[in-house]
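Numbering (UniProt numbering), first residue to last: 3 to 564. Even for Gly, the Cβ is constructed at its ideal location relative to N, Cα and C. Data first, discussion second: the structure below is written as structure tokens.
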Amino acid sequence: QAEKQTLGFQTEVKQLLHLMVHSLYSNREIFLRELISNASDACDKLRFEAVQQSDLLSEDAELRVRVSFDAQAGTVTIDDNGIGMNREEVIANLGTIARSGTGEFLKQLTGDQKQDASLIGQFGVGFYSAFIVADEVEVETRRAGEAHDQGVRWTSRGEGEFTIEPVEKATRGTRITLHLKEDAKEFADGFRLRHIIRTYSDHIGLPIELPVEQQAEDDQEPTEAWEVVNKASALWTRPKSDISQEDYEEFYKHISHDFEAPLTWAHNKVEGKQEYTSLLYVPKRAPFDLYNRDAPKGLKLYVQRVFILDNAEQFLPLYLRFVKGVIDSADLPLNISREILQQSPLTDSIKSALTKRVLDMLEKLAKNKPEEYASFWAEFGEVLKEGPSEDPSNREKIAGLLRFDSTHDDGGKKAVALKDYVERMKEGQDKIYYLVGDSLSQLKSSPHLEGFRKKGLEVLLLSDRIDEWLMSHLHEFDGKSFVDVAREGADLTELDSEEEKKAQEEAAEEKKALVERLSKALESRVSEVRVSTHLTESPAVLMIGQGDLGPQMRKILEAAGQ
Ligand code: ADP
Ligand code: MG
């Protein structure tokens with residue numbers, strides 16, 4: 003096909019382009035970070051394919067990214083010798099957004115610059131950020147292993163369509179040329195580019211080069227010379243003391259495609275029976291597709307610094323799917339596949355170590371920075387609540403991280419840790435009481451609480467959809483068992499004196515006739531009628547039977563058609 007073709011962008015791309023250009027104006031320089039990040043990924047992918055097929059590297063073995071500029075023409079060019087793309091890949095990658103849920107996500111954008119900027123940040127800006135500074139973008143690319151005449155040229159003004167045509171390309175990889183907008187010409191400048199690269203891309207593990215400024219000499223043609231401007235060693239391999247907070251943050255943005263800095267991280271090197279380095283991050287904000295089954299999750303896997311897999315899900319449980327990071331193993335084979343990874347005993351032992359590491363990191367955050375922990379909890383608490391069922395071996399540890407509303411603190415902040423509850427327990431109390439419902443306001447006025455309030459017993463108030471499920475997998479904390487105060491068997495009399503118990507028995511005896519009459523009248527609707535010790539004001543309350551489903555679970559199952 004020797005023809006030049008014009009194709010339209012997918013609708014979502016058009017929308018994203020439009021919103022991005024308008025809302026990210028004050029962060030314009032991130033375009034370079036995104037393009038360098040892609041170039042670095044492309045080199046990682048090539049290095050990986052070359053493990054099986056070493057001749058892919060032979061024409062040009064030193065992987066690097068070159069950034070050049072032409073102040074007169076007002077252009078900036080990013081050139082890599084990575085994997086490149088063929089025609090189909092160009093159309094798919096630079097014409098569509100494949101991520102599911104994108105359409106719904108874009109609908110949330112409002113036109114408010116600040117708000118949209120942070121939403122787009124959560125989504126990840128990527129290649130299209132080139133159009134923040136350029137009114138025309140040209141991509142020339144050739145996939146590794148293809149002949150010189152198999153190059154592809156893509157151009158677009160970022161408006162609704164792009165062109166694509168075959169070209170000769172002598173070098174492997176991708177070259178992206180940005181024709182800068184009138185008000186963005188300042189980026190065609192060596193100092194500016196160097197500064198941006200140092201700021202955003204110092205952590206990239208491969209050389210990023212700028213042209214050497216040359217003195218023009220009359221009798222000589224200037225030769226092409228390049229100098230490396232970043233540290234060019236994989237960040238996680240450096241000693242912690244050499245890595246700045248900014249480096250850690252920028253590295254996170256590179257691997258996560260997130261726009262915001264992470265909340266916290268843990269960088270560890272393990273030696274001994276197994277050798278690996280892990281760098282794990284907790285994001286500040288949940289991605290829009292946290293509850294989408296197909297959303298990308300997992301770590302970036304390297305083996306001896308060679309990139310192997312993105313989104314390796316095998317190293318963390320699902321309830322920690324919000325964690326981003328890198329694992330670099332010295333023991334796994336370079337030619338490992340997802341399937342083999344799944345079956346390897348090494349994987350399991352790394353997984354359980356990393357799980358502990360994340361839980362420890364969260365514990366530390368909760369202890370040292372309670373405010374940041376509260377924001378973590380607001381974003382990811384519901385996901386963590388999946389933990390006790392998925393990972394019984396860490397149940398106690400996870401329980402320690404949970405936060406709830408309670409009758410002691412019912413402002414809706416979800417700030418009560420089980421440890422706090424236990425510290426406040428009354429003399430003689432050996433149970434942790436809780437009540438599940440649809441909303442905090444409904445819970446606060448529940449008649450189930452009357453007796454507990456009167457006795458000064460704290461009750462946890464649980465209103466997340468997953469809470470009943472959670473509580474069915476949490477049996478005890480700190481040796482104290484959990485009791486649902488709306489369930490048959492929740493006994494308030496344990497703490498009573500002999501006298502009080504006697505008075506209650508007498509009261510029950512007195513009401514015997516009434517109980518019998520009510521039992522008859524409600525025969526088909528309830529399994530039993532009893533005199534309650536839980537009420538102080540309300541005349542009656544419905545309790546859930548010992549083995550029965552609670553209202554939340556019933557709703558979930560009904561919604562699932564069961
Ligand atoms: P992301 O990096 O999050 O996948 P981008 O929008 O940045 O999203 O890039 C989209 C896709 O385009 C990449 O996943 C990659 O397949 C392809 N791509 C972008 N830049 C390059 C490049 N320099 N070399 C090869 N492929 C690239
Ligand atoms: Mg990218």
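Taking only the alpha-carbon atoms, compute the straight-line gap between residue i and residue j and give it to the nearest angstrom.
i: alanine 100; j: tyrosine 130; result: 14 Å
i: glutamate 511; j: aspartate 550; result: 28 Å
i: glutamine 54; j: serine 120; result: 41 Å
i: tyrosine 254; j: serine 346; result: 27 Å
i: glycine 113; j: histidine 269; result: 38 Å
i: histidine 150; j: arginine 89; result: 14 Å
i: glutamine 216; j: aspartate 260; result: 38 Å
i: serine 529; j: alanine 263; result: 55 Å
i: isoleucine 245; j: glutamate 36; result: 21 Å
i: leucine 18; j: glutamine 115; result: 13 Å
i: alanine 44; j: aspartate 412; result: 51 Å
i: glutamate 460; j: arginine 467; result: 22 Å
i: alanine 561; j: methionine 22; result: 37 Å
i: serine 377; j: lysine 513; result: 50 Å
i: aspartate 292; j: phenylalanine 382; result: Reading the sequence as shown, one finds leucine at residue 292 and not aspartate. So the alpha carbons of these two residues sit roughly 9 Å apart.
i: leucine 364; j: tyrosine 375; result: 8 Å
i: glutamine 548; j: valine 485; result: 11 Å
For residue i, list the residues DSSP reports as bridge partners.
i: histidine 181; result: Thr77, Glu138
i: valine 272; result: Tyr278
i: isoleucine 329; result: Ser280, Leu303
i: tryptophan 156; result: Val141, Ile166
i: valine 69; result: Ile80
i: arginine 489; result: Ile546
i: threonine 176; result: Asp82, Thr143
i: glycine 10; result: Glu163
So, at 6 Å on beta carbons, what are the nonlocal neighbours of residue i in its own chain, with the 5 sequence-adjacent residues on each side left out?
i: aspartate 81; result: Arg68, Arg177
i: glutamate 64; result: none
i: arginine 13; result: According to the sequence as given, residue 13 is threonine; it is not arginine. There are no such residues.
i: valine 154; result: Arg89, Val92, Thr143
i: lysine 271; result: Thr279
CB-CB under 8 Å to residue i, same chain, minus the five flanking residues each way: which ones, in chain order?
i: serine 70; result: Val78, Thr79, Asp81, Leu212, Pro213
i: lysine 457; result: Lys428, Leu494, Leu497
i: glutamate 452; result: His536, Leu537, Thr538, Glu539, Ser540
Using alpha carbons as the reference points, say which of the options lies closest to residue i.
i: valine 487; options: Leu516, Ser499, Pro449, Ala523; result: Pro449
i: aspartate 503; options: Met555, Glu229, Thr535, Glu518; result: In the sequence as displayed, the identity of residue 503 is lysine instead of aspartate. Among Met555, Glu229, Thr535, Glu518, the Cα nearest to that of lysine 503 belongs to Thr535.
i: leucine 301; options: Lys522, Ile329, Leu361, Glu341; result: Ile329
i: residue 569; options: Val169, Glu148, Val533; result: Look at the range of the chain in this structure, 3 to 564, and you will see that residue 569 is not part of it.
i: leucine 208; options: Gly192, Leu111, Asn232; result: Asn232
i: serine 102; options: Ala505, Gln117, Glu229, Phe125; result: Phe125
i: glutamate 425; options: Lys482, Ser377, Gly383; result: Lys482
i: aspartate 127; options: Gly414, Ser395, Asn40; result: Per the sequence shown, the amino acid found at residue 127 is valine instead of aspartate. Selected option, being the one with the closest Cα: Asn40.
i: glutamate 388; options: Ala73, Asp469, Gly552, Ser28; result: Asp469
i: asparagine 95; options: Ser42, Phe11, Val169, Lys47; result: Phe11
i: glycine 162; options: Phe133, Asp185, Leu180; result: Phe133
i: threonine 266; options: Glu140, Gly175, Lys366; result: Lys366
i: aspartate 312; options: Phe50, Asp407, Thr98; result: Phe50
i: glutamine 276; options: Ile310, Val230, Ala355; result: Ala355
Leaving out five residues before and five after residue i in sequence, what residues of the same chain have Cβ atoms less than 7 Å from its Cβ?
i: glutamine 316; result: Leu343, Gln344, Thr349, Lys353
i: glutamate 392; result: Pro319, Leu320, Tyr321
i: threonine 104; result: Glu14
i: aspartate 249; result: Asp204, His205, Leu237
i: alanine 190; result: Phe71, Asp72, Ala73, Gly76, Thr77, Val78, Leu182
i: lysine 6; result: Thr165, Glu167
Under 7 Å: does the beta carbon of residue i sit that close to some heavy atom of ligand 3?
i: glycine 128; result: Annotation note on ligand 3: not contained in the displayed structure, which lists ligand 1 and ligand 2 as its ligands.
Can you check whether the C-beta of residue i is within less than 8 Å of a C-beta belonging to chain B?
i: glutamate 470; result: This model lacks chain B altogether; it includes just one protein chain.
Next on the checklist: To test your reading of the DSSP string, which unbroken alpha helix (DSSP H) runs of 4 or more residues are found completely within the stretch 82-137?
Outcome noted: Listed in chain order, they are 89-95, 104-109, 115-125, 132-135.
Checklist entry - In chain order, which continuous runs of the alpha helix (DSSP H) of length 4 or greater are located wholly inside the stretch 361-443? => result Taking 4 residues as the minimum length, the alpha helix (DSSP H) runs contained wholly in the stretch 361-443 are 372-386, 389-392, 397-403, 420-425, in order along the chain.
Checklist entry - Unbroken beta strand (DSSP E) runs of length 3 or more, entirely within the stretch 443-490: which are they? => result Counting whole runs of 3 or more residues, the stretch 443-490 contains the beta strand (DSSP E) stretches 461-464, 482-486.
Next on the checklist: Quick check on the DSSP output: what are the complete alpha helix (DSSP H) runs of length 4 or more inside the stretch 308-352, in order along the chain?
Outcome noted: With a minimum length of 4 residues, the continuous alpha helix (DSSP H) runs that stay inside the stretch 308-352 are 340-345.
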